[in-house]
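A.B. asks:
Number of protein chains: 2
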Amino acid sequence: MEFAEFIKTPMVNSVIMKRPFHDAVEGTLCVSGHHLILSSRKDQREELWLLHSAVDSVEKKLHGAGGTLVLKCKDFIFIQLEITNAEECISVANSIEQLSNIDDVTLAYPFFHRLQFEIMEDGWQAFQPEREFARFKECSEEWRLSSVNSDFQVCPSYPHAVIVPKCIDDEMIVRVAAFRQHGRFPVLSYYHRDSKAIMMRSSQPLTGQNGRRCKDDEKMINSVLGIGRKGYIVDTRAQSVAKMAQAKGGGYEPEAHYPQWRRIHQPVERKQAFHDSLIKMVEASSDATASMDKWLSKLESSNWLTHVKDILTCACVVAQCIDKEGASVLVHGSEGLDSTLQISSLAQLILDHDCRTVSGFEALIEREWLQAGHPFRSRCAKSAFAITKHRQESPVFLLFLDSVWQIWQQFPCSFEFNEDFLILLVQHAYSSPYGTFMCDCERERASHKLSKRTVSLWSYMNRPEILQQYLNPMYDPNPAVIWPSVAPQSLTLWSGLYLRSQVDIRPEQEAWSEIAKIREYDKELRSKVTKLRRQLASLEKEGLMAGVIVPSTEDGHDSSEH
Amino acid sequence: MEFAEFIKTPMVNSVIMKRPFHDAVEGTLCVSGHHLILSSRKDQREELWLLHSAVDSVEKKLHGAGGTLVLKCKDFIFIQLEITNAEECISVANSIEQLSNIDDVTLAYPFFHRLQFEIMEDGWQAFQPEREFARFKECSEEWRLSSVNSDFQVCPSYPHAVIVPKCIDDEMIVRVAAFRQHGRFPVLSYYHRDSKAIMMRSSQPLTGQNGRRCKDDEKMINSVLGIGRKGYIVDTRAQSVAKMAQAKGGGYEPEAHYPQWRRIHQPVERKQAFHDSLIKMVEASSDATASMDKWLSKLESSNWLTHVKDILTCACVVAQCIDKEGASVLVHGSEGLDSTLQISSLAQLILDHDCRTVSGFEALIEREWLQAGHPFRSRCAKSAFAITKHRQESPVFLLFLDSVWQIWQQFPCSFEFNEDFLILLVQHAYSSPYGTFMCDCERERASHKLSKRTVSLWSYMNRPEILQQYLNPMYDPNPAVIWPSVAPQSLTLWSGLYLRSQVDIRPEQEAWSEIAKIREYDKELRSKVTKLRRQLASLEKEGLMAGVIVPSTEDGHDSSEH
Numbered sequence: 084m085e086f087a088e089f090i091k092t093p094m095v096n097s098v099i100m101k102r103p104f105h106d107a108v109e110g111t112l113c114v115s116g117h118h119l120i121l122s123s124r125k126d127q128r129e130e131l132w133l134l135h136s137a138v139d140s141v142e143k144k145l146h147g148a149g150g151t152l153v154l155k156c157k158d159f160i161f162i163q164l165e166i167t168n169a170e171e172c173i174s175v176a177n178s179i180e181q182l183s184n185i186d187d188v189t190l191a192y193p194f195f196h197r198l199q200f201e202i203m204e205d206g207w208q209a210f211q212p213e214r215e216f217a218r219f220k221e222c223s224e225e226w227r228l229s230s231v232n233s234d235f236q237v238c239p240s241y242p243h244a245v246i247v248p249k250c251i252d253d254e255m256i257v258r259v260a261a262f263r264q265h266g267r268f269p270v271l272s273y274y275h276r277d278s279k280a281i282m283m284r285s286s287q288p289l290t291g292q293n294g295r296r297c298k299d300d301e302k303m304i305n306s307v308l309g310i311g312r313k314g315y316i317v318d319t320r321a322q323s324v325a326k327m328a329q330a331k332g333g334g335y336e337p338e339a340h341y342p343q344w345r346r347i348h349q350p351v352e353r354k355q356a357f358h359d360s361l362i363k364m365v366e367a368s369s370d371a372t373a374s375m376d377k378w379l380s381k382l383e384s385s386n387w388l389t390h391v392k393d394i395l396t397c398a399c400v401v402a403q404c405i406d407k408e409g410a411s412v413l414v415h416g417s418e419g420l421d422s423t424l425q426i427s428s429l430a431q432l433i434l435d436h437d438c439r440t441v442s443g444f445e446a447l448i449e450r451e452w453l454q455a456g457h458p459f460r461s462r463c464a465k466s467a468f469a470i471t472k473h474r475q476e477s478p479v480f481l482l483f484l485d486s487v488w489q490i491w492q493q494f495p496c497s498f499e500f501n502e503d504f505l506i507l508l509v510q511h512a513y514s515s516p517y518g519t520f521m522c523d524c525e526r527e528r529a530s531h532k533l534s535k536r537t538v539s540l541w542s543y544m545n546r547p548e549i550l551q552q553y554l555n556p557m558y559d560p561n562p563a564v565i566w567p568s569v570a571p572q573s574l575t576l577w578s579g580l581y582l583r584s585q586v587d588i589r590p591e592q593e594a595w596s597e598i599a600k601i602r603e604y605d606k607e608l609r610s611k612v613t614k615l616r617r618q619l620a621s622l623e624k625e626g627l628m629a630g631v632i633v634p635s636t637e638d639g640h641d642s643s644e645h
Numbered sequence: 084m085e086f087a088e089f090i091k092t093p094m095v096n097s098v099i100m101k102r103p104f105h106d107a108v109e110g111t112l113c114v115s116g117h118h119l120i121l122s123s124r125k126d127q128r129e130e131l132w133l134l135h136s137a138v139d140s141v142e143k144k145l146h147g148a149g150g151t152l153v154l155k156c157k158d159f160i161f162i163q164l165e166i167t168n169a170e171e172c173i174s175v176a177n178s179i180e181q182l183s184n185i186d187d188v189t190l191a192y193p194f195f196h197r198l199q200f201e202i203m204e205d206g207w208q209a210f211q212p213e214r215e216f217a218r219f220k221e222c223s224e225e226w227r228l229s230s231v232n233s234d235f236q237v238c239p240s241y242p243h244a245v246i247v248p249k250c251i252d253d254e255m256i257v258r259v260a261a262f263r264q265h266g267r268f269p270v271l272s273y274y275h276r277d278s279k280a281i282m283m284r285s286s287q288p289l290t291g292q293n294g295r296r297c298k299d300d301e302k303m304i305n306s307v308l309g310i311g312r313k314g315y316i317v318d319t320r321a322q323s324v325a326k327m328a329q330a331k332g333g334g335y336e337p338e339a340h341y342p343q344w345r346r347i348h349q350p351v352e353r354k355q356a357f358h359d360s361l362i363k364m365v366e367a368s369s370d371a372t373a374s375m376d377k378w379l380s381k382l383e384s385s386n387w388l389t390h391v392k393d394i395l396t397c398a399c400v401v402a403q404c405i406d407k408e409g410a411s412v413l414v415h416g417s418e419g420l421d422s423t424l425q426i427s428s429l430a431q432l433i434l435d436h437d438c439r440t441v442s443g444f445e446a447l448i449e450r451e452w453l454q455a456g457h458p459f460r461s462r463c464a465k466s467a468f469a470i471t472k473h474r475q476e477s478p479v480f481l482l483f484l485d486s487v488w489q490i491w492q493q494f495p496c497s498f499e500f501n502e503d504f505l506i507l508l509v510q511h512a513y514s515s516p517y518g519t520f521m522c523d524c525e526r527e528r529a530s531h532k533l534s535k536r537t538v539s540l541w542s543y544m545n546r547p548e549i550l551q552q553y554l555n556p557m558y559d560p561n562p563a564v565i566w567p568s569v570a571p572q573s574l575t576l577w578s579g580l581y582l583r584s585q586v587d588i589r590p591e592q593e594a595w596s597e598i599a600k601i602r603e604y605d606k607e608l609r610s611k612v613t614k615l616r617r618q619l620a621s622l623e624k625e626g627l628m629a630g631v632i633v634p635s636t637e638d639g640h641d642s643s644e645h
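Protein sequences, first through last, are from chains L and C. Numbering of the first sequence is given in my numbering, commencing with residue 84 and proceeding in unit increments. Numbering of the second sequence is given in my numbering, commencing with residue 84 and proceeding in unit increments.
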């Protein structure tokens with residue numbers, strides 16, 4: 084195996100593993116090419132089965148003859164390993180460090196993952212643009228699925244098929260793409276049935292300092308609105324930032340050339356700021372000895388919740404334009420790969436109840452994140468603990484999931500999925516045995532043949548026995564638009580995720596399983612009622628035949644259903 | 084009626100009432116001696132029925148011909164009234180201001196409250212010391228109920244009966260009382276079955292600067308421990324504060340004279356600091372336009388959560404001494420009326436699962452707050468908005484309930500009651516139609532004959548139709564000691580209470596009612612199963628008699644119970 088050179092010590096005995104809120108376990112530690120495994124002495128049970136790629140940083144402390152390793156995982160879990168021999172301790176640390184930093188995609192675990200289950204529905208096929216286009220059938224008079232990008236030449240970060248205005252042909256699109264950064268021309272992202280308004284997203288126009296124009300771009304964008312109707316361009320940058328972008332060849336849409344559109348600048352921070360913020364927030368969270376003051380000060384100065392607030396505020400502005408004003412919206416920042424996607428996906432979550440179901444949310448992530456070209460590989464290579472090399476890492480997707488969680492906890496009955504579902508998505512975005520979040524865009528995923536050579540996360544998650552752990556027992560479908568509060572008092576730190584190594588969540592989990600248990604018991608009782616009633620009916624029939632007087636039943640009508 | 088002089092304008096038409104997250108209502112406003120009533124035009128429905136004593140401050144803004152009143156209630160609810168006539172507006176404001184500030188206890192509403200229900204069990208009798216003493220039967224070899232204070236002469240703030248060591252006679256107690264501030268001699272507060280350790284509480288000893296001693300006090304306290312056993316005196320003041328108290332005649336127990344006891348100083352702030360903190364926290368909470376930064380800064384500098392953390396930490400220290408070390412504890416600060424009670428009651432909530440039931444919690448409030456002489460009238464006269472005159476106001480009890488809420492949300496299945504139960508207690512402590520929280524101590528309550536002339540809050544709350552709204556549908560009795568986390572990351576602002584006018588809690592309430600609904604449905608189904616089974620059995624019997632073949636039933640055993 085290619086990894087052998089990194090594994091000097093494949094096995095260490097008598098290792099003690101400590102995890103917060105778990106009993107310490109002693110066992111044998113094995114370092115394999117992709118996993119770190121700890122089997123306890125007792126019954127050869129695997130107590131730990133951790134992908135190296137899940138480890139963000141390894142800290143080693145030597146003391147006396149032995150040493151301690153602290154593995155800080157990308158999903159904010161801390162694992163402590165006590166190894167009696169210092170040499171073995173160093174050797175294991177080096178292995179994990181090297182194996183968790185392999186850059187070569189082709190060596191990633193999803194290519195080696197042997198499936199333990201049969202695939203019912205292939206997640207790779209479930210949300211293809213051709214299928215998702217059905218969502219837009221109500222506006223299929225004005226919009227069409229274009230294959231202009233089928234070979235990923237027009238826009239390398241776009242999927243093979245995109246939805247564009249029917250009146251704009253593919254040749255025009257090629258010219259529009261040339262006028263937008265990285266070729267990310269405006270595409271349809273959402274159609275709002277209630278108001279018939281739409282949302283598009285793109286990257287910034289390349290107007291530059293000389294105010295370059297592109298008639299096709301203007302035509303394409305203006306074509307979206309009916310005569311006399313107004314639309315909004317929501318720019319996720321401050322006006323000053325958008326102006327400065329002109330110096331580097333970027334820019335924004337001047338109202339003179341897009342007369343039906345009003346520009347709103349609703350700023351959201353850039354990706355480097357997000358990353359710095361995450362590091363500070365997690366550092367504050369890890370300090371259990373802090374005073375109350377120090378904790379709140381540090382949380383504040385991390386700015387994490389400020390980012391969440393900005394993102395949610397911008398998404399609400401977009402949703403308000405669409406729902407309250409019935410106006411169409413074009414969203415973009417600069418590249419259209421990060422904040423733009425946070426906003427376009429959250430706006431849909433607010434507006435469209437379908438996005439709050441499990442499959443609707445998976446579809447949303449496919450459409451607005453994976454197919455839309457959010458560079459998961461670059462952004463999620465490291466989390467809060469590693470020293471990052473490329474400065475491309477940023478918790479953009481994590482901030483989206485955090486914002487979803489904020490809405491989720493404000494509307495706890497309106498989501499089909501539970502908190503663990505969101506945490507699972509965080510984990511898989513950063514490290515996964517499945518291929519879904521690999522690579523930076525569909526073009527790369529296609530070149531590595533991921534849909535053939537790896538399993539989709541959705542194939543795994545949508546199996547009933549897995550999915551049931553991630554369902555919200557309080558779900559009560561709510562077709563309305565839900566307006567989250569963005570008042571600072573309404574936003575709180577997602578402790579179930581970031582504080583998992585500091586705060587004991589077991590009592591809370593117990594509460595959820597209590598609710599789930601009642602629901603389950605409910606079902607059993609209902610089937611019991613049905614069965615008893617059937618027996619009764621059969622007895623009544625026989626009794627009638629035998630001339631027996633049947634006791635009257637008040638439950639003749641079917642009242643056992645909700 | 085005595086109030087007539089305060090009511091110049093008893094009725095105003097066309098008043099518009101606005102409350103956060105409620106639709107505006109137009110109606111007729113009536114000012115009665117005790118209530119402010121708004122009846123809507125539509126069906127003469129009462130939309131508001133508010134005790135004047137619930138109002139903490141009245142703000143009036145005149146504009147044009149009319150004006151707006153903002154009533155800030157003691158329970159953090161804001162009510163806005165728009166009155167078209169400025170003169171009437173001023174008149175109503177004056178009435179509310181005067182009527183909400185009547186100092187005379189004998190004019191309080193509980194004396195005038197006409198009961199709408201029949202009392203099943205009198206709350207005044209439910210938790211009398213004589214009955215509560217049954218709780219301590221396991222240690223009744225060493226402890227006895229003393230009537231030394233039956234006429235409230237020995238200690239004016241103690242109840243008529245208290246539990247003291249059996250080996251200490253009443254004459255000695257009188258001498259001990261003389262050595263303790265306000266006569267608050269040590270009394271038994273809790274007996275821990277698991278470790279056989281006990282908790283006592285008292286006020287500070289009056290050692291003064293000359294190191295006064297009291298042999299009886301030493302004997303009384305030392306008698307509690309067996310030979311060679313150690314106890315802890317948990318002083319809720321910093322060592323320096325305790326030292327300073329000597330200058331004013333107070334002090335602490337020097338180890339030389341109490342050799343079996345180790346003193347721990349676990350400081351909790353004093354009552355003025357609590358009050359200032361509440362004002363700042365509520366002011367920060369009301370500012371919905373604040374940025375995230377400003378909100379967290381203000382929350383931090385209010386120190387509210389620091390107080391919660393200090394109180395919980397101190398209670399955990401006491402509980403640890405008792406449970407983990409099996410050591411007895413004496414708790415006191417200076418007067419023993421405020422922090423001492425916070426600590427002694429929270430320690431019991433942690434240690435004793437019975438205190439986490441509805442009746443156990445009511446008993447705890449009776450024993451450790453009402454009978455223990457916490458001066459509710461002085462402390463809860465005003466809340467966060469009024470300008471206070473006496474500087475005796477302090478949210479000591481509120482901080483206790485806040486701390487309970489923190490534990491409650493860390494262990495959501497371990498409490499029989501829900502969050503609304505705690506909020507209801509906050510409301511009634513500050514303003515109530517019931518007599519329970521009136522006056523400062525049992526002596527005053529007796530002199531006003533409250534148990535005859537007013538209704539107990541418990542008489543109201545313990546009626547099944549009322550109580551069911553306050554039950555926790557997730558309750559799963561947990562006999563264990565529960566250890567709350569006091570890490571700053573685990574403590575959050577009680578938004579369900581303080582942010583009720585800022586954050587919409589309706590979706591959360593919906594979630595709770597969803598859970599309650601499922602539980603209710605569960606019960607129905609279970610009774611349906613039982614009924615069907617009974618019908619089936621009866622049919623089987625008749626069928627057998629008539630010679631009919633009975634279909635086999637798998638449900639013969641009683642599996643319909645949880």
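Cβ coordinates follow ideal geometry from the N, Cα and C atoms, glycine included.
Might you give, ordered along the chain, the residues of its own chain that have their beta carbon closer than 6 angstroms to the beta carbon of E644(C), omitting 5 neighbours on each side?
C.D. replies: Unreliable positioning characterises E644(C) in this predicted model, as indicated by a pLDDT of 39, which lies under 50. A coordinate reading is not provided.
A.B. asks: Apart from the five residues just before and just after L395(C), which ones in its own chain have a Cβ nearer than 8 angstroms to its Cβ?
C.D. replies: Cβ within range, chain order: L429, S486, Q489, I490, P567, V569 and L574.
A.B. asks: Is the shortest distance between the beta-carbon of S368(L) and the beta-carbons of chain C less than 7 angstroms?
C.D. replies: Chain C contact via Cβ: present.
A.B. asks: Can you look up V237(L) in the DSSP assignment and give me helix, strand or coil?
C.D. replies: V237(L) falls in the coil class under three-state DSSP.
A.B. asks: Report yes or no: do the stretch 460-472 of chain L and the stretch 401-417 of chain L share at least 3 C-beta pairs separated by less than 8 angstroms?
C.D. replies: Taking 8 angstroms as the limit for Cβ pairs, the verdict is that the stretch 401-417 of chain L does not touch the stretch 460-472 of chain L.
A.B. asks: How would you label L484(L), buried or exposed, when you count the other beta carbons within 10 angstroms and need 16 or more for buried?
C.D. replies: Flag for L484(L) reads buried.
A.B. asks: Give the interface partners of V586(L) over in chain C, defined as CB-CB distance under 9 angstroms, in chain order.
C.D. replies: Residues of chain C passing the Cβ test: Q493, S568, A570, Q572 and S573.
A.B. asks: Would you verify that the beta carbon of E53(L) is, or is not, closer than 7 angstroms to some beta carbon of chain C?
C.D. replies: With chain L running from 84 to 645 in the structure shown, residue 53(L) is simply not present.
A.B. asks: What span of residues does the beta strand (DSSP E) with N96(L) cover, start to end?
C.D. replies: Unbroken beta strand (DSSP E) run through N96(L): M94 to K101.
A.B. asks: Taking a contact to mean a Cβ-Cβ separation below 7 angstroms, would you say P516(L) touches H135(L) in this structure?
C.D. replies: Contact: no.
A.B. asks: Helix, strand or coil for F500(L)? Go by DSSP, reduced to three states.
C.D. replies: Reduced to three states, the DSSP call for F500(L) is strand.
A.B. asks: Please name the residue in V564(L), R284(L) and N555(L) whose C-alpha comes closest to that of D435(L).
C.D. replies: Among V564(L), R284(L) and N555(L), the Cα nearest to that of D435(L) belongs to V564(L).
A.B. asks: Just to make sure I have the definition right: I need the residues of chain L whose C-beta is within less than 7 angstroms of the C-beta of C113(C). Which are they?
C.D. replies: Going along chain L, no residue has its Cβ under 7 angstroms from C113(C), so there is no contact; the nearest lies around 34 angstroms.
A.B. asks: So who's on the other strand from E646(C), going by DSSP bridges?
C.D. replies: Residue 646(C) cannot be examined here, being either before or after the span of chain C that is shown, 84 to 645.
A.B. asks: Determine the DSSP secondary structure at W226(C), reduced to helix, strand or coil.
C.D. replies: W226(C) falls in the strand class under three-state DSSP.
A.B. asks: Alpha carbon to alpha carbon, how far is Y192(C) from A87(C)? Give it in angstroms, no decimals.
C.D. replies: Spanning the two alpha carbons is a distance of roughly 15 angstroms.
A.B. asks: 7 angstroms is my cut-off, CB to CB: does W452(C) come that close to chain L?
C.D. replies: No, W452(C) lies away from the interface with chain L (no Cβ there is under 7 angstroms from its Cβ).
A.B. asks: For chain L, find out if any of its Cβ atoms is closer than 7 angstroms to the Cβ of E383(C); answer yes or no.
C.D. replies: At least one chain L Cβ lies under 7 angstroms of E383(C).
A.B. asks: So what does T111(C) bridge to, in DSSP terms?
C.D. replies: Beta-bridge pairing links T111(C) to S122(C).
A.B. asks: Which full runs of the beta strand (DSSP E) of 3+ residues lie inside the stretch 373-460 of chain C, going along the chain?
C.D. replies: With a minimum length of 3 residues, the continuous beta strand (DSSP E) runs that stay inside the stretch 373-460 of chain C are 411-415.
A.B. asks: Out of curiosity, what's the CA-to-CA distance linking V365(C) and G416(C)?
C.D. replies: Their backbone Cα atoms lie some 27 angstroms apart in a straight line.
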